[in-house]
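Asks:
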Amino acid sequence: MQAATSHLNATFAALADPTRRAILARLASGQATVNELAEPFDMTQPAISKHLKVLEGAGLISRDRDAQRRPSRLEPRRLAEASAWLEQYRQFWEASFARLDHVLEELKPKKTRREKSSSR
Amino acid sequence: MLFYPESFKVSTPTDREIEIERDFNAPRQLVFDAFTKPELVRRWLLGPDGWTMPVCEIDLKVGGLYRYVWRKESAGMEMGMGGVFREVVRKEKLVATEKFDDSWYPGEAVDTTVFAERGGITRVKLTVLYESKEARDTATRSGMEHGMVAGYNRLEELLASFNATA
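Here the protein sequences come in this chain order: A and B. Residue 78 in our numbering sits at position 39 of the first sequence, with consecutive numbering throughout. Residue 48 in our numbering sits at position 47 of the second sequence, with consecutive numbering throughout.
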């Protein structure tokens, strides 16, 4: 359940902030420069840059090193890993409950209900 | 043998909770036992194949401790968690804290398990409640994520929007 935990910590920490999630949502529709991102969020460029740094550190986005405008783009792989976490959670319980079905079946009295009521 | 795997549901009712629901074809007493007797718990609370539960200790009373350790021999992996029972209503309800040894969220979460029987079928509803929003914000500042569930709700939308444009 906890494979790649440290990766996920960084990813979820980055996703904890509503502005950063909004930035990712914006980037989902195409790459954007700091300028383009700052505008709709009513934030200063340094503030946006700070968020981008966190997202980049978590591997959620990448930025072009060479281009002057350094547009940011979404890196979907890490997002997929994060969504896999809840999927793991689901798988853990689904597999466990399937086993529980059989344990419960075993726990039931071996006699049928009819026999049980007549024996009492 | 009649099982109800299709009744299994995972949802995120609020930004602090995860909820799991499942129906079992057994009376509530048996289901409650299966959730609270170590010799039974260690037989099913194992997740995917390959895991065992070398440690399963349950002191079923208010203030009592429980401790689970899972091991995957083939991968040399081990993980542990435990907590304290806050409420124990036989056959009906359990409330306990949970904390993983190597936790990816700070503080403790609180698990509430409710057992409801209807016509010989027991519905189990397990709710994991993470700490306050304040705790979450503190957690965010400390670099650990507490709002992962809230984040996940939006993540779904985000992924959907990405898929739509990819």
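Even for Gly, the Cβ is constructed at its ideal location relative to N, Cα and C.
1) Who are the neighbours of residue 23 of chain B on chain A, taking C-beta pairs under 8 angstroms?
2) Closer than 8 angstroms is the cut-off here; do at least three beta carbon pairs connect the segment 102-113 of chain A with the segment 70-89 of chain A?
3) Assuming the contact rule is C-beta atoms closer than 8 angstroms, residue 91 of chain B and residue 33 of chain B should be a hit. Round their C-beta distance to whole Å, please.
4) Can you tell me whether residue 68 of chain A is helix, strand or coil according to DSSP?
5) Taking 8 angstroms as the CB-CB limit, is residue 149 of chain A close to chain B?
6) Whose CA, out of B/6, B/53 and B/93, lies closest to the CA of residue 75 of chain B?
7) Who are the neighbours of residue 44 of chain B on chain A, taking C-beta pairs under 8 angstroms?
8) Would residue 129 of chain A count as contacting chain B if we go by Cβ distances under 8 angstroms?
9) Please confirm if residue 11 of chain B has its CB atom under 8 angstroms from at least one CB of chain A.
10) So is residue 143 of chain A buried or exposed if we call it buried at 16+ other beta carbons inside 10 Å?
11) Report the option in B/116, B/117, B/110 and B/122 whose CA atom is closest to the CA atom of residue 18 of chain B.
12) Between the segment 87-115 of chain A and chain B, which residues of the former have CB atoms less than 9 angstroms from a CB of the latter, in chain order?
13) Hey, out of B/24, B/3 and B/5, whose CA is closest to residue 127 of chain B's CA?
14) Give a yes or no on whether the C-beta atoms belonging to residue 114 of chain A and residue 135 of chain A are separated by under 8 angstroms.
15) Report the neighbours of residue 146 of chain A on chain B: residues whose CB is nearer than 8 angstroms to its CB, in chain order.
16) Shorter than 8 angstroms from the beta carbon of residue 55 of chain B to some beta carbon of chain A?
17) Using the beta-carbon count (16 or more within 10 Å), is residue 135 of chain B buried or exposed?
18) Answer yes or no: does any C-beta atom of chain A fall closer than 8 angstroms to that of residue 47 of chain B?
19) Count the other CB atoms within 10 Å of the CB of residue 157 of chain B; is the residue buried (16 or more) or exposed (fewer)?
20) If you pair each beta-carbon of the segment 90-104 of chain A with each one of the segment 7-15 of chain B, do three or more pairs fall below 8 angstroms?
21) So does residue 102 of chain A have its beta carbon nearer than 7 angstroms to some heavy atom of the ligand SAH?
22) Residue ranges of each alpha helix (DSSP H) run of no fewer than 4 residues wholly in the segment 92-151 of chain A, ordered along the chain?
23) Just to confirm, are residue 59 of chain B and residue 39 of chain B a CB contact at a threshold of 8 angstroms?
24) Secondary structure at residue 4 of chain B, three-state DSSP: helix, strand or coil?
25) What does DSSP give as the partner residue(s) for residue 69 of chain B in the beta ladder?
Replies: Reading it off the structure:
1) To locate residue 23 of chain B, count along the second sequence from 1; it is residue 22. Correct list: 132 and 136.
2) yes
3) Counted from its first residue, the second sequence places residue 91 of chain B at position 90. Counted from its first residue, the second sequence places residue 33 of chain B at position 32. That belief holds up - the Cβ atoms of residue 91 of chain B and residue 33 of chain B are roughly 7 angstroms apart, short of 8 angstroms.
4) Stepping through the first sequence from its first residue, residue 68 of chain A is reached at position 29. If DSSP states are grouped into helix, strand and coil, residue 68 of chain A belongs with coil.
5) As a position in the first sequence, residue 149 of chain A is number 110, starting the count at 1. Judged by the 8 angstroms Cβ criterion, residue 149 of chain A is not in contact with chain B.
6) Within the second sequence, the letter at position 74 stands for residue 75 of chain B. Closest option to residue 75 of chain B, Cα to Cα, is B/53.
7) Locating residue 44 of chain B in the second sequence gives position 43, counting from the first residue. Within 8 angstroms Cβ-Cβ: 138 and 142.
8) The residue you call residue 129 of chain A lines up with position 90 of the first sequence. True, the Cβ-Cβ gap to chain B drops below 8 angstroms.
9) Counted from its first residue, the second sequence places residue 11 of chain B at position 10. Yes - at least one Cβ of chain A is within 8 angstroms of the one on residue 11 of chain B.
10) Here residue 143 of chain A is taken as the residue at index 104 of the first sequence, counted from 1. Its Cβ being crowded by 16 or more others within 10 Å, residue 143 of chain A is buried.
11) As a first step, residue 18 of chain B is located in the second sequence; it is residue number 17 there, counting from the start. Ranking B/116, B/117, B/110 and B/122 by Cα distance to residue 18 of chain B puts B/110 first.
12) 113 and 115
13) What you label residue 127 of chain B is simply residue 126 of the second sequence in a count that begins at 1. Nearest option by C-alpha distance: B/24.
14) Translated into positions along the first sequence, residue 114 of chain A becomes position 75. Translated into positions along the first sequence, residue 135 of chain A becomes position 96. For residue 114 of chain A and residue 135 of chain A, no; Cβs fall outside 8 angstroms.
15) Position 107 of the first sequence, counted from the start, is the residue given in the question as residue 146 of chain A. Neighbours of residue 146 of chain A on chain B, chain order: 27, 31, 34, 35 and 41.
16) Residue numbering aside, residue 55 of chain B sits at position 54 when the second sequence is read from its first letter. For residue 55 of chain B, the answer is no, since every Cβ of chain A falls outside 8 angstroms of its Cβ.
17) Position 134 of the second sequence, counted from the start, is the residue given in the question as residue 135 of chain B. Residue confidence is low: residue 135 of chain B scores 44 on pLDDT, short of 50, so the model does not pin down where it sits. Its coordinate-derived value is still stated next. Its Cβ having fewer than 16 others within 10 Å, residue 135 of chain B is exposed.
18) Sequence index remark: in the second sequence, residue 47 of chain B carries index 46 (1-based). Residue 47 of chain B counts as touching chain A.
19) Walking along the second sequence from the start, residue 157 of chain B turns up at place 156. With a pLDDT of 44 at residue 157 of chain B, under the threshold of 50, the modelled position of this residue cannot be trusted; read the value that follows with caution. Counting Cβ neighbours within 10 Å, residue 157 of chain B comes out exposed, since fewer than 16 surround it.
20) no
21) With respect to the ligand SAH, the structure shown offers nothing to examine, as it has no ligands at all.
22) 115-146
23) Counting from 1 along the second sequence, the entry for residue 59 of chain B is found at position 58. Counting from 1 along the second sequence, the entry for residue 39 of chain B is found at position 38. Contact flag set, yes.
24) By one-based count along the second sequence, residue 4 of chain B stands at place 3. Coil.
25) Numbered from its first residue, the second sequence carries residue 69 of chain B at position 68. DSSP lists B/57 and B/82 as partners of residue 69 of chain B.
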